[in-house]
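I have placed the structure first, in the form of structure tokens, so that the comments after it can refer back to it.
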Amino acid sequence: MEDTMSYPPSFKHLTDVHCHPTASLADITDEEMSKLPLRVVAMSSRARDQSLVADLATKWPDKIVPCFGYHPWFTYTISLEDPAPSRTAHYASLFLPSASIEAAMADPDFARILPSLVDPIPLSQVLSSIRENFEKFPNAMLGEVGLDRAFRIPFSAFGSNRSPNPHAEPEPHPRLSPFHVPLEHQLAILEAQIDLAVECRRNISFHSVKAQAASVELLKNLEKKHGKEKWCTVSLDFHSCGLSAGMWGDIQKAHPNVFLSLSTAINLRLSGHVALIKTASPDRILVESDCLTIKACGPQTWDILKVVAELRGWRIEQTEADVLDASSDNAEAGEEGNGMGAVRRLMLNWELFVNGGHKPFPVRENGKARKRNKVPHEGKNLGEDNGTIETVVYE
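In the numbering used here, the protein residues as written are 377 to 771.
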């Protein structure tokens with residue numbers, strides 16, 4: 377997608393909170409980066425793109441927020457053992473756990489996919505690499521990480537193990553094998569990455585597909601493991617959030633540090649996106665492109681901004697002065713020109729997300745829920761549809 381749009385000056389204050397620009401390296405030129413109309417949060421997904429994202433953030437630190445981590449689609453390349461076992465033993469244990477290695481090799485699908493699979497790397501090595509990148513980039517996040525129960529591994533699994541080019545691109549439309557990454561394996565690797573993020577106080581871009589219940593349980597377990605105070609030092613974003621409005625409502629009532637971001641690429645294909653956008657507390661909403669080329673970050677983020685603004689009845693500011701003007705923060709949204717604008721609102725939401733340090737919701741006492749807890753932007757009372765969450769917390 378060529379970005380030929382003309383954006384209002386206000387647009388520079390938005391952040392595309394989730395994209396994959398290193399998937400199209402040829403598009404990342406000095407000219408394209410100079411035209412990039414907003415800041416973008418660039419994801420890593422697997423071994424080959426961690427260094428690419430680092431290079432991007434080093435060259436354009438004002439435009440790129442780097443994220444490091446392993447996407448659930450690529451967790452099958454990671455071994456929980458150190459040293460990692462052989463390729464055959466590792467993948468047989470994941471894909472055919474009840475079979476012996478001899479029986480696995482007799483399986484035609486396993487025999488077909490094995491030559492294309494990379495040598496497994498130990499989880500300890502993955503965590504060391506992420507930690508090193510966190511130390512290099514003080515603003516770095518963890519991402520893209522998460523859970524995916526729908527994904528099947530393609531037969532040509534993202535480049536041959538023996539390719540002379542470690543950054544070899546996958547086939548455009550590879551055939552899918554019957555093999556999934558076991559949820560237990562995904563969870564072990566995900567929790568280890570999130571534990572590191574909490575330790576280093578780094579925010580998280582989270583992927584959840586066909587894993588609503590598992591994701592909710594994960595949030596509960598993380599809060600219990602780290603304690604409410606420490607867990608709330610970081611923010612977590614459900615990117616291109618596909619949760620139901622009801623499920624999201626429960627999450628935002630329980631976790632003050634969890635946000636959602638929306639994209640045209642994913643959310644507009646889902647029938648529940650209208651209810652989700654209207655249900656989300658106004659200070660938990662972020663926007664993203666989820667695109668695979670730097671050229672599309674601007675237009676796709678602009679498009680989802682317009683969708684969110686229309687559904688919530690928020691005006692879109694045109695000038696920078698309007699975005700930076702806080703005088704309408706306490707005004708009620710509704711009539712044209714009244715209330716906080718969409719760009720300012722999303723700008724403040726991003727700041728809230730980045731800063732972390734969220735105040736844990738109070739818990740019930742003597743079997744009763746406490747009264748509602750208000751959590752406004754930066755301590756300001758912005759009104760129910762102007763940034764304040766009202767929640768009753770049950771445990």
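Even glycine gets a Cβ: it sits at the ideal position worked out from N, Cα and C.
Excluding the 5 residues flanking it on each side, G733 has same chain C-beta neighbours closer than 8 Å at C608, T609, in chain order. Excluding the 5 residues flanking it on each side, F582 has same chain C-beta neighbours closer than 7 Å at V521, G522, L612, D613, F614, H615, in chain order. In terms of CA proximity to A573, P514 leads the group I670, P514, Q628, V592. With a beta-carbon spacing of about 11 Å, R720 and P658 fall beyond the 8 Å limit used to define contacts. A479 has its alpha-carbon roughly 45 Å from the corresponding atom of T640. Closest in alpha carbon position to M419, among S665, P675, D701, F729, is S665.
With contacts defined by Cβ atoms closer than 9 Å, P554 and R528 form a contacting pair. Its chain contains V521 as the residues whose beta carbon lies nearer than 6 Å to that of L566, once the 5 sequence neighbours on both sides are disregarded; these appear in chain order. With 16 or more other Cβ atoms inside 10 Å of its own Cβ, V417 counts as buried. Contact between the stretch 428-446 and the stretch 457-464 is absent: fewer than three C-beta pairs spanning the two stretches fall below 8 Å.
In the three-state DSSP reduction, D571 falls in the helix class (H, G or I). R551 counts as exposed, since fewer than 16 other C-beta atoms from the protein chains shown sit within 10 angstroms of its C-beta. M381 counts as exposed, since fewer than 16 other beta carbons sit within 10 angstroms of its beta carbon. Per the C-alpha coordinates, the member of H649, S504, H396 positioned closest to E686 is H649. When the alpha-carbon of H602 is set against those of P736, I506, P530, the nearest one is in P736. According to the DSSP assignment, L638 belongs to the beta strand (DSSP E) that extends over 634-638.
Within the stretch 461-526, the runs of alpha helix (DSSP H) that reach at least 4 residues and sit entirely inside it are, in chain order, 463-471, 477-482, 484-489, 499-512. With a cut-off of 8 Å on Cβ pairs, the stretch 488-499 is not in contact with the stretch 397-417, counting fewer than three such pairs.
Check the Cα spacing between P385 and each of G715, Q694, E408: the tightest is with Q694. Every beta strand (DSSP E) of 3 residues or more that sits fully in the stretch 410-444 is shown, in chain order, as 415-418, 440-444. Under the three-state reduction of DSSP, L668 is assigned to coil, being neither helix nor strand.
Taking C-beta separations shorter than 7 Å and ignoring five residues to either side along the sequence, the partners of E408 in its chain run I670, K671, following chain order. The beta-carbon distance between L432 and T391, rounded to whole angstroms, is 15 Å. This is too long to meet the 8 Å contact definition.
Per DSSP, D403 is not a residue of any alpha helix (DSSP H), being assigned neither H nor E.
According to DSSP, residue pairing for T391 in a beta bridge involves R415. Under the rule that a run must span 4 or more residues, the alpha helix (DSSP H) segments found entirely inside the stretch 557-634 read 559-576, 588-602, 604-607, 621-630. Our two residues, Y383 and S620, have alpha carbons roughly 32 Å apart in a direct line.
Judged by DSSP secondary structure, V650 falls outside any beta strand (DSSP E) and instead within the alpha helix (DSSP H) spanning 649-655.
Its chain contains L681, V684, A685, R688, W690, R691, I692, E693 as the residues whose beta carbon lies nearer than 8 Å to that of A718, once the 5 sequence neighbours on both sides are disregarded; these appear in chain order.
Of the residues V585, L503, S637, the one whose Cα lies closest to the Cα of P448 is V585. Residues M419, L668 of the same chain have their beta carbon placed closer than 6 Å to that of H396, with the five preceding and five following residues left out of the count.
Note that the C-beta distance between R525 and A590 is below 9 Å. Of all alpha-carbon atoms in F531, D705, D698, the one lying nearest the alpha-carbon of V494 is that of F531. When C-alpha distances from E560 are compared across L518, Y452, L652, the shortest belongs to Y452. DSSP places I454 in the strand class (E or B) of the three-state scheme. Between the alpha carbons of V663 and V393 lies a distance of about 6 Å.
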